[in-house]
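Q:
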Amino acid sequence: MLNVLRDNVRRLSPLLWLVIAAFVILMFWEVGNTQPTAGAQVAATVAGNEITFSEFESTYRNLESRFRSIYGEAYTPELAEQLGLPMQAIESLVQQKLVVREAKRIGIEASPPEVRQAIFDVPQLQDASGNFIGYDEYRRLLALNRIREDRFEADLTEGVLIDKFQSFFGSAVFVSAADAERSARAEAERASIRFLLLDPAEYPAAVEVGDGELASFYEANSSEFLTPEKRSVAYFHVNTNVLRAELEIPAEELRRYYDENQAEFTQEEQARARHILLFVTPERSAEEARETLEELRRRIEAGEDFAALAREFSEDEATAARGGDLGYFPRGRMTEAFEGAVFAAETGQLVGPVENQLGPRTGFHLIEVQDLRAGGVQAYDEVENRIRVRLLNDRAREQSEEIAQRVSDALSGQTYSSRGDLETLAASIDQPATSLEEVPPFGVDDNLPGIGRSTPFARTAFAMEVGAFSEPVRIASGWAVLALLDVTEAAVPPLEEVSEQVREAVLEEKRAAAAEQRLVELAAAIGAGETTLDEAASQLGLEVTDGGDFDRNGSIAGLGIVPAINRAALELELGGIGGPIEIDRGLVLFEVTDRQHFDPASFESEREEVIERLTQERAAALLQAVIDERRNQANVTYSQQLIQNFDLGDGPDT
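Here the sequence shown is numbered in the working numbering, starting from 942 and rising by one per residue.
#1: For a minimum of 3 consecutive residues, which ranges assigned as the beta strand (DSSP E) are wholly contained in the region 1503 to 1551?
#2: Taking C-alpha atoms, which residue in S1157, T1556, Y1159 and A1575 lies nearest to S1108?
#3: Tell me S1376's beta-bridge partners as DSSP assigns them.
#4: Just how far apart, CA to CA, sit W1420 and R1185?
#5: Could you check how far apart the C-beta atoms of V1439 and F1158 are, in whole angstroms? I think they sit under 8 Å.
#6: Pull up the distance between the alpha-carbon of F1247 and that of V1330, whole angstroms please.
#7: Which whole-angstrom value describes the C-beta separation of I1344 and P1373, a residue pair presumed to lie in contact below a C-beta threshold of 8 Å?
#8: Distance check for A1059 and Q1029, CA to CA, integer angstroms please.
#9: Can you check DSSP and say which residues form a bridge with S1173?
#10: Count the other CB atoms, across all protein chains shown, that sit within 10 Å of the CB of T1222; report buried if there are 16 or more and exposed otherwise.
#11: Candidates G1495, A1259 and Q1537: which alpha carbon is nearest L1515's?
#12: Going along the chain, which residues of its own chain have a beta-carbon closer than 7 Å to the beta-carbon of R1080, five neighbours each way excluded?
#13: Could you pull the start and end residues of the alpha helix (DSSP H) that G1100 belongs to?
#14: For L1500, is the classification buried or exposed, using 16 other Cβ atoms within 10 angstroms of its Cβ as the cut-off for buried?
#15: Please list, in chain order, all residues of the same chain as A1575 whose beta carbon is under 7 Å from its beta carbon, the five residues on each side excluded.
#16: Go to Y1144, then tell me how far its beta strand (DSSP E) extends in each direction, as first and last residue.
#17: Going by DSSP, name the residue or residues bridged to F1410.
#18: Just verifying my parser: in three-state terms, what is the DSSP assignment at Y1579?
#19: Helix, strand or coil: which one does DSSP assign to Q982?
#20: Mapping the DSSP letters down to three states, classify F1491 as helix, strand or coil.
#21: Kindly indicate which residue of L1436, E1242 and L1377 has the alpha-carbon position closest to the one of T1168.
#22: To which residues of the same chain is L1097 closer than 6 Å at the C-beta, ignoring the five residues directly before and after it?
#23: From this set, T1356, R1400 and E1484, which residue's C-alpha is nearest L1426's C-alpha?
#24: How should A1175 be labelled, buried or exposed, when 16 other C-beta atoms within 10 angstroms of its C-beta is the threshold for buried?
#25: How is the beta strand (DSSP E) around A1402 delimited, first residue to last?
#26: So what's T1276 in DSSP terms, helix, strand or just coil?
#27: For the beta strand (DSSP E) containing P1027, list its first residue and its last residue.
#28: Might you give, ordered along the chain, the residues of its own chain that have their beta carbon closer than 6 Å to the beta carbon of L1583, omitting 5 neighbours on each side?
#29: Report back the beta-carbon spacing between Q1211 and F1270 to the nearest angstrom; my notes put them in contact at under 8 Å.
#30: Might you give, ordered along the chain, the residues of its own chain that have their beta carbon closer than 8 Å to the beta carbon of V1567, omitting 5 neighbours on each side?
#31: Taking 8 Å as the threshold, find out whether the region 1310 to 1327 comes into contact with the region 1232 to 1245 through three or more Cβ pairs.
#32: Do the region 1473 to 1490 and the region 1189 to 1208 meet, that is, are 3 or more Cβ pairs less than 8 Å apart?
#33: Determine the DSSP secondary structure at G1304, reduced to helix, strand or coil.
#34: Does the region 1391 to 1406 touch the region 1318 to 1337, meaning 3 or more C-beta pairs lie closer than 8 Å?
#35: Nearest to E1099 by alpha carbon, out of G1075, S1052 and V1433?
#36: Hey, which unbroken runs of the alpha helix (DSSP H) at 4 residues or more fall wholly within the region 1174 to 1228?
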């Protein structure tokens, strides 16, 4: 079953790929794999089905490990942030819950024999001949890796459901021989090109613009110079930050919160460590691994940097790039041998080599214990300021919302026609942390200082009438009650006001035409054998770039995905000249350096394989569409702890 999932996962859409990948990864004992903390706290809920922080943490760590293996040394904290791993992890789990829920809804079940076969199919549970290692050894391996048997088999059961659900959609898809040929033809037809890219703005054309041209262009293109509708808004600003600075939390309230929320301040005994891991392999005996680590230990004790040696020698792909750093972990997360060595040591101590059984593989660790934290309830003095900040934030948020509503209620039924009227109203309202402010006239998509772009503030302003007040609107610094002072309608300004813009537009158009004409002439000269692409590029002060090999839908090196160039190249033969073709960066002139054609005879032998692949792709697309629809219908909620801990804004879209 897992083999089927692995074979099919590359054909699925990216989002569903994460569902299957997250599931498959959960089955494997990988380097650095650990059991999450015993956290039954809920990270998200999908139509009543809970996703715990334990599940989230496991998926997150495995995704991180997977991306580290993909990117190697290129994997950095900045790249991790760009990848949005926390969001990917929680979304993959949401998708998994939806797949399983939908499978059960339509009557798909995982029978005991199917689950048993899934166990037999796990590579780590097979001997050298590919046979199941037996239930005694199976349970021993689970225990070694601190994996509960019921949890493991429940996950396998969900995997069977996912696999059968995918197969169900495969049976509903039909691919004809004609479909298969069209697909095979599109893949087989390939071209390679070399190209030059000319930016018309940099083409040294001697162009001028007469007054008559200016007027004619403006008349024909006046809509391009339309000034959008703008709105002038004043607003009553309830500033949460100002309010927070004015608040105080009595000492007895801080203490009461501490006493009533002891669980929040209870921490497990934790350790932070680095390690260098070497596996026993057919090429390296246990004794050789141990001796290598002993030598590394001597080098570290002599002053060499542990992290640098970990990056060079450690075979733990998940941690080597960050100097072997495992971060903080509690008891119960690592294997018994590893954590026993760490928690028995002192801060700063080197430990090992420590022998460890990581699934079916034997490894040895050299460990540097960086920090040890005692378990138990943190002392009040340690958390007093944290409590104060939390209560101040909570109280400021609550009170600012209440004040904003009082301001809105006080303005209800009031009228105004000027900023002065609003100032009079502001003086009469006299609410704490509240001021009357104004923004310059703005468009609906403008970026407003301190407020942002395309926010509820702007959308509210553009839904109001002059003289009206809005309901309270949340902004970054608190709340706003808007008053619309004036509307400047969209209009086409007179030519005199935009003459320079019009002149530049005409110049740009004429330069582009001159550049295109020059490339047309050069294309003809190259085609006639009078010059070459390289000589043409030299005349223009440009370089020729290799665009690589691509099919009808492929990306062209140096240009990206440009369907017009793909189509043009595939309509030419070897040596053909294409272009000029306009893209967003300029004009492209190219020559075809290689062409590959569809071979009907070869296709006949591959027809069934192509039909099978297309069936799987279309089934995956249909499956994804169903899951997307179910996701839109399902009630998906995310805990505030998840949102805040991983800076997910308001949480993923639900």
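Positions of the beta carbon are idealized from the N, C-alpha and C atoms, including for glycine.
A: To lay it out plainly:
#1: 1518 to 1524 and 1527 to 1537
#2: T1556
#3: According to DSSP, which records beta bridges pairwise, S1376 is partnered with H1178.
#4: C-alpha of W1420 to C-alpha of R1185: approximately 14 Å in a straight line.
#5: That pair is no contact at about 11 Å.
#6: Rounded to the nearest angstrom, the two C-alpha atoms are 38 Å apart.
#7: 6 Å
#8: Cα to Cα, Q1029 sits roughly 26 Å from A1059.
#9: DSSP lists D1427 as partners of S1173.
#10: T1222 is exposed by the Cβ-count criterion.
#11: Q1537
#12: E1090
#13: Judged by DSSP secondary structure, G1100 falls within the alpha helix (DSSP H) whose first and last residues are E1090 to G1111.
#14: buried
#15: V987, A988 and L1039, listed in sequence order.
#16: Run containing Y1144: none; DSSP gives neither H nor E here.
#17: Its beta-bridge partners are A1424.
#18: strand
#19: The answer is coil: DSSP assigns Q982 none of H, G, I, E or B.
#20: Note: F1491 maps to strand in three-state DSSP.
#21: L1436
#22: V1056 and A1059
#23: T1356
#24: buried
#25: Where A1402 is concerned, there is no enclosing beta strand (DSSP E), although the alpha helix (DSSP H) it sits in stretches over P1397 to A1402.
#26: coil
#27: From DSSP, P1027 is part of no beta strand (DSSP E) but of the alpha helix (DSSP H) over L1026 to R1046.
#28: A984
#29: 7 Å
#30: If you ignore the 5 residues before and after V1567, its C-beta comes within less than 8 Å of the C-beta of E1043 and F1110, all in its own chain and listed in chain order.
#31: no
#32: no
#33: Looking at G1304 - three-state DSSP - the assignment turns out to be strand.
#34: no
#35: With respect to the C-alpha of E1099, the residue from G1075, S1052 and V1433 having the closest C-alpha is S1052.
#36: Counting whole runs of 4 or more residues, the region 1174 to 1228 contains the alpha helix (DSSP H) stretches 1181 to 1187 and 1192 to 1201.
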